[in-house]
Each structure stands twice: as structure tokens, then as C-alpha cells.
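Peer 1:
Residue numbers (our numbering): 2 to 110.
#1: Are at least three pairs of beta-carbons, each pair with one atom in the region 64 to 73 and one in the region 38 to 50, less than 8 angstroms apart?
#2: At the level of alpha carbons, what is the spacing between residue 34 and residue 63?
#3: Would you kindly work out how many angstroms separate the C-alpha atoms of residue 10 and residue 53, rounded to a whole number?
#4: Between which residues of its own chain and residue 87 is the CB-CB distance below 8 angstroms, once the five residues before and five after are set aside?
#5: Is it true that the CB of residue 51 sits closer than 7 angstroms to the CB of residue 19?
#6: How many Å lie between residue 100 and residue 89 at the Cα?
#7: Counting only the same chain and skipping the five closest in sequence on each side, list residues whose C-beta sits under 7 angstroms from that of residue 21.
#8: Which value, in whole angstroms, describes the spacing of the CA atoms of residue 2 and residue 44?
#9: Assuming residue 24 and residue 59 make a contact with CB atoms under 8 angstroms, what is their CB distance in whole Å?
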């Protein structure tokens, strides 16, 4: 449905998305605010001529920290909050390093 919503964004709303992004709002924040997928927000930004900011990459030390904290039962969200990134960023880093994820009850998947 997100592509449909993106197509339906009014000519008034599209400039607001661009203004918010230029003022520092993240694509994640905009996706939540406008109830769109991140890809749809990126499409609006690209179409509007915005320069997309580079996503922050985790350093080796941050990845090591995330692995250690996750293995000591910290949630993806808590580790992400500590490092200032989304839980999905932590999840991706763990997957790339072969770390088995727990289910929501702390069991390995």
C-alpha cells in the first residue's frame, strides 16, 4: 500500500516532506509521520531533488559492543538506542557476523 500512498501525497505534502528532510528529519521519522515505507519516502525525496544523506555505518568497536551486549541478553532496541541507531541496523550487523537471533522470549532461533 505504501507506493499507493506515496502516489497520493498531495502537491502540498510533498514539499513538506522535502522541507522536513532538509531541516534534519530522518527518512525513518518521515516514514512514520506520513505512514509510508522508507522506500516511498526516498522516492519522494529523489523526485523532489533532495540530496540523500549517507547512512551511518557501525564501527568495528560498535559491532563488537553490539555482539557482546546482545549475547548478554540486551535487546536489539536497547543496543541500538545506546549506539544511536535503529534496532534494524543492529539486527543486520549481527546477521552479517553470523550471530543467531533470539525470539522475543530470549530463545535462539
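Where a beta carbon is used, it is the ideal one built from N, C-alpha and C, also for glycine.
Just so it is clear, the structure is predicted and the values come from calculations on it, not from any experiment.
Peer 2: Based on what the coordinates show:
#1: The region 64 to 73 vs the region 38 to 50: no contact.
#2: The alpha-carbon atoms of residue 34 and residue 63 are separated by roughly 29 angstroms.
#3: If you take the alpha carbons of residue 10 and residue 53, they lie about 20 angstroms apart.
#4: Within the same chain, residue 87 has close Cβ partners 29 and 81.
#5: Yes, they are a contact pair.
#6: Here the alpha carbons of residue 89 and residue 100 stand approximately 14 angstroms from one another.
#7: Excluding the 5 residues flanking it on each side, residue 21 has same chain C-beta neighbours closer than 7 angstroms at 31, in chain order.
#8: For residue 2, the pLDDT reaches just 42, beneath the cut-off of 50, and the residue's location in the model is therefore unreliable, leaving the point undetermined.
#9: Between residue 59 and residue 24 the Cβ distance is about 26 angstroms, and since that is not below 8 angstroms, they are no contact.
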